[in-house]
Amino acid sequence: MNRDGLLAAALATQERAYAPYSQFQVGAAVETETGEIFTGCNVENASYGLTICAERVAVCLAVAAGHRHFVAIAVATAGGASPCGACRQFLAEFADRLPVLIVNAETGNIVAETDLADLLPGRFQLLDGDA
Ligand code: THU
1 MNRDGLLAAA
11 LATQERAYAP
21 YSQFQVGAAV
31 ETETGEIFTG
41 CNVENASYGL
51 TICAERVAVC
61 LAVAAGHRHF
71 VAIAVATAGG
81 ASPCGACRQF
91 LAEFADRLPV
101 LIVNAETGNI
111 VAETDLADLL
121 PGRFQLLDGD
131 A
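Residue numbers in the sequence shown follow the numbering used here, run continuously in steps of one, and reach 131 at the last position.
Next comes the structure, spelled out in structure tokens:
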């Protein structure tokens with residue numbers, strides 16, 4: 001896992017978040033098994049429910065570029081927040097176990113390291129094998 005690369009990418013992308021409604025900026029960086037890093041930020045909308053989270057943007061960009069196997073994700077927010085439930089399920093489509101680095105964007109530090117399997121036990125699943 002490229003901790004430094006994930007940390008830097010999540011922090012840089014957090015600054016590009018479009019969050020005029022919540023003012024809560026989120027940056028995410030996902031590392032593929034080939035060592036590439038894809039990033040995403042939250043993109044809000046005047047129709048609030050259309051908002052998309054940073055983690056899902058990052059995963060969508062990676063998948064669109066041909067990647068479905070991930071080794072870790074970093075998420076940067078003020079204070080260091082954990083991925084929401086929807087994003088946990090979204091990530092679980094592509095990984096059983098996935099290290100999740102929680103980054104405090106105010107200090108620039110990783111404040112917690114957990115795993116998707118612990119964040120979302122008993123995920124909903126239809127596919128047995130690889131996605
Ligand atoms: N948000 C994310 O980008 N990722 C999460 O895991 C939780 C929430 C965004 C959505 C919204 O733009 C803002 O944070 C406040 O909920």
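Quick reminder that beta carbons are idealized off the backbone N, C-alpha and C, glycines included.
> Is the beta carbon of T51 within less than 6 angstroms of some heavy atom of ligand 3?
Replying inline: No copy of ligand 3 appears in this structure; the ligands present are ligand 1.
> Leaving out five residues before and five after D96 in sequence, what residues of the same chain have Cβ atoms less than 7 angstroms from its Cβ?
Replying inline: Once the five neighbours on either side are set aside, the close Cβ partners of D96 are A117.
> With C-beta atoms as the reference, is A9 less than 7 angstroms away from A29?
Replying inline: Yes, the pair counts as a contact, with Cβ atoms nearer than the cut-off.
> Skipping 5 residues on each side, what residues in its chain have a beta carbon closer than 6 angstroms to that of A58?
Replying inline: Cβ within range, chain order: A28, V30, F38, T39, G40.
> For S5, which of helix, strand or coil comes out of DSSP?
Replying inline: The residue you asked about is not Ser; residue 5 is Gly in the sequence shown. Helix at G5.
> Starting from F124 and walking both ways along the alpha helix (DSSP H), at which residues does that stretch end?
Replying inline: No alpha helix (DSSP H) contains F124, which DSSP labels as neither H nor E.
> Span of the beta strand (DSSP E) holding E113?
Replying inline: In the DSSP annotation of this structure, the continuous segment of the beta strand (DSSP E) that includes E113 starts and ends at 109 to 115.
> Could you give the distance in angstroms between the alpha-carbon of L101 and the alpha-carbon of E44?
Replying inline: One C-alpha to the other measures close to 23 angstroms.
>> Taking 8 angstroms as the limit between beta carbons, can you name the residues of its chain near D115, skipping five residues before and five after?
In response: Answer for D115: R97, L98, P99, V100, listed in chain order.
> Mind checking N42: buried by the 16 CB within 10 Å criterion, or exposed?
Replying inline: Within a 10 Å sphere around the beta-carbon of N42 sit 16 or more other beta-carbons, which makes this residue buried.
>> Give the list of continuous beta strand (DSSP E) stretches no shorter than 3 residues that lie fully inside the stretch 46 to 74.
In response: The beta strand (DSSP E) runs of length 3 or more contained entirely in the stretch 46 to 74 do not exist; there are none.
>> Considering only the alpha carbon of each residue, which of F124, T51, A131 lies closest to V26?
In response: Nearest C-alpha to V26: T51.
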